[in-house]
Structure formats: C-alpha cells, structure tokens
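Okay, so here's the structure we're looking at.
There are 2 protein chains.
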Amino acid sequence: MRNRSVTYSTENTFRALADPTRRAVLDLLRKGSQPAGQIAEAFPVSRPAISKHLRLLRRAHLVTEQQRGRHRMYQLNPAPLKAVDSWLADYRRYWQMNLANLKTFVESEYARELGENAVKNPSSKK
Amino acid sequence: MRNRSVTYSTENTFRALADPTRRAVLDLLRKGSQPAGQIAEAFPVSRPAISKHLRLLRRAHLVTEQQRGRHRMYQLNPAPLKAVDSWLADYRRYWQMNLANLKTFVESEYARELGENAVKNPSSKK
DNA sequence: AATATGCGTAACCGTATAGTTACGCATTAT
DNA sequence: ATAATGCGTAACTATACGGTTACGCATATT
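Chains as they are written, first to last, in the numbering used here: chain A, 1 to 126; chain B, 1001 to 1126.
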C-alpha cells in the first residue's frame, strides 16, 4: 500500500476539534514536531491533561507519534482536516450571499407565505 | 446598529459542530427554513432531543428562530462558520504539500537530528 | 547499579452531553 | 368552550469530558 488515500472518521475529527486546548495543540504543532512534555509546557494545565488530549488527537489521526529515545515526538497530520474543509465547502456560498439581503427576505411577506406553506403542506405526518 | 459585523464565540461554534446530528440539522436547513417538528421528523431520535440540539445551535448562533403562529421556523445562519473556515485556512497549505514527501522527510536522519535538538535544547525547563 | 527524566495510565471528581418520558403553555381548529 | 397541535422544558439516566494526583515503566544519566 503506497499512498493509498485514507479515510478518517469525520466524527472523531469534529469531536477532537471541539476543545480549544486541542486546537491550540494543533496550532502549536504547525510550527514543527515536538515532544509531549514540551507541548505540555505551553499550556496552563497539567501534563497528564495534555497527555489525554494527545490521545484524542491520536484517535482522530490528527497527530502521529513516534518514540525517540524516552521522548515521544508528536507531529501534525492535517489530512483529516480535509473532511472538515469539504463539509464547510457547501456553506461557503451561503456567507457569500449578502446576509442583509437574506434578512430582509426572511422578514418579507413572501417569506412569510413560504413559511405558512411549509407548515400547511408538511407532506408528511398523515 | 445596522449590519455591524458580529463576532461569535468560536468556542461555541466548534462545540456545536462536534455532534453529527447537529451537523445534519444544519445540512438540512441549507435546503430551506423548517419548523422544529419537521426537522425532528428527519431524525431517528425523539423530538425533545432535537429541541435540545436546536438550543445548542441557537447558542452558537448557527440558527435563528422565529415564531410563526404555533410553529417555530428555524433558519440557517452560516456566519459563525466563517471563523471555522479561517481557522482551517492555516492548515490548507499543509495538505497541499505532498504528504509522502513529508513522511520521508520526517524519517530522514536530518529530521532525526532536528528532533534530538528540539529535545536537547528545550530552551526552557531550567 | 542507582538515580533522574519523559510520559502514558489509573483512579477519582465535577460537569456537560445526548437521550428518554412526562408535562405545560400557546396557538389553532372544531 | 373544548380539543388538538407544536414545541420547549423539567427531571432523570448513562456516558464522555477535562481536570487533578498518584503511580509505573522505559530510557538516559552519573
């Protein structure tokens, strides 16, 4: 298997990104691989706390580790972020619309009628 | 205040996206505003469960609601996703690098030396 | 050989999720 | 006026976080 494109669990990826500390760890690793202890020093929480964050990041395949003597070097693996990026892609065109226009549209009578229709013709629920 | 650019809590945004059901709700709302009940019908979980998801999405400002008779219309607000997008931006260039090259680099003796240096010159810790 | 260092894990705690069922309050329909 | 509908919330449960301290095991140092 050479360079076969790998799929990761989008679920794990989003979950891993939910915590600000973990995002900060990734940001840190963008500057280069670092051993676990050095990563921990960058944060106000205890080393075991970081160790657990690293475990989640590992599960999400957002970092890879390799033993280097008694150190564990952590390296960023941005590949799973591609899934996040492509999920976001579908939304980009939305914020490219003028949101002010959207707002006035929603508050218009036209939208109101659409809303009523959506409600009165649920086309489900009996 | 007219169209003043609003900032949202990135924290809340990422947290809201962590759950697959909530992401699916957003995906659903991309097709158009819907009342809460209709949203709930699209999922295998109970209506109150969806109601709670909607609460989190509201807190994250990813949806807006408005009373429409006895219905509550939910509408997508993609604006907070811009923060996610810009966080991701810093990573895009990484997955544009050839990851195979990166891998061989990391495993090279050169990287090994860098790694050792990083360890032996922590430039912190006493 | 003995000691120090790096780092993961276990055990424990408080809080937030994610789901459930039961309930209550408006609004609409009859 | 009464009944039905739409939907949020309360109360409860199980699980997962995020943090802590204590511990243990390799690897390095002296």
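Yeah, the Cβ is synthetic: ideal placement off N, Cα and C, and Gly gets one too.
Since the model is a prediction, treat every value here as computed from it, not as a measurement.
For Ala40 of chain A, collect the residues of the same chain with a Cβ closer than 6 Å to its Cβ; drop the 5 residues on either side in sequence, then sort them by chain order.
Arg47 and Ile50
Drop a sphere of 10 angstroms on the beta-carbon of Pro20 of chain A, count the other beta-carbons inside from all chains shown, and report buried for 16 or more, exposed for fewer.
exposed
Hey, quick one: how far does the alpha helix (DSSP H) through Arg70 of chain A stretch, first residue to last?
First-last for Arg70 of chain A: undefined, no H or E at that position.
Could you work out which residues of chain B lie near Arg30 of chain A, taking near to mean beta carbons separated by less than 9 Å?
Asp1090, Tyr1091 and Tyr1094
Report buried or exposed for Arg1055 of chain B, applying the criterion of at least 16 other Cβ atoms within 10 angstroms of its Cβ.
exposed
Going straight from the alpha carbon of Ala1111 of chain B to that of Lys31 of chain A, what length do you get?
Legend: pLDDT at Ala1111 of chain B = 46, less than 50; position of this residue unreliable, value from coordinates given subsequently. Each residue's alpha carbon lies about 14 Å from the other.
With distances taken from CA atoms, which of A:Leu29, A:Gly37 and A:Arg92 is nearest Asn70 of chain A?
Here the sequence assigns Arg to residue 70 of chain A, which means Asn is not the residue at that position. It is A:Gly37.
On the three-state DSSP scale, how would you describe Pro20 of chain A?
helix
Could you tell me the alpha carbon to alpha carbon distance between Glu1116 of chain B and Tyr1074 of chain B, rounded to whole angstroms?
Low per-residue confidence applies at Glu1116 of chain B: pLDDT is 40, beneath 50, and the placement is therefore not dependable enough to give any value.
Run the CB neighbour count on Gln34 of chain A, radius 10 Å, all protein chains shown included, and call it buried at 16 or more, exposed below.
buried
Going by DSSP, which residues form a beta bridge with Leu76 of chain A?
A:Val63
Spell out whether any CB of chain B is found under 8 Å from the CB atom of Phe43 of chain A.
no
Is it true that the CB of Thr1010 of chain B sits closer than 8 Å to the CB of Ala1089 of chain B?
no
Tell me which residue opens and which closes the alpha helix (DSSP H) that Arg30 of chain A is part of.
Arg30 of chain A -> no alpha helix (DSSP H), and no H or E assigned at all.
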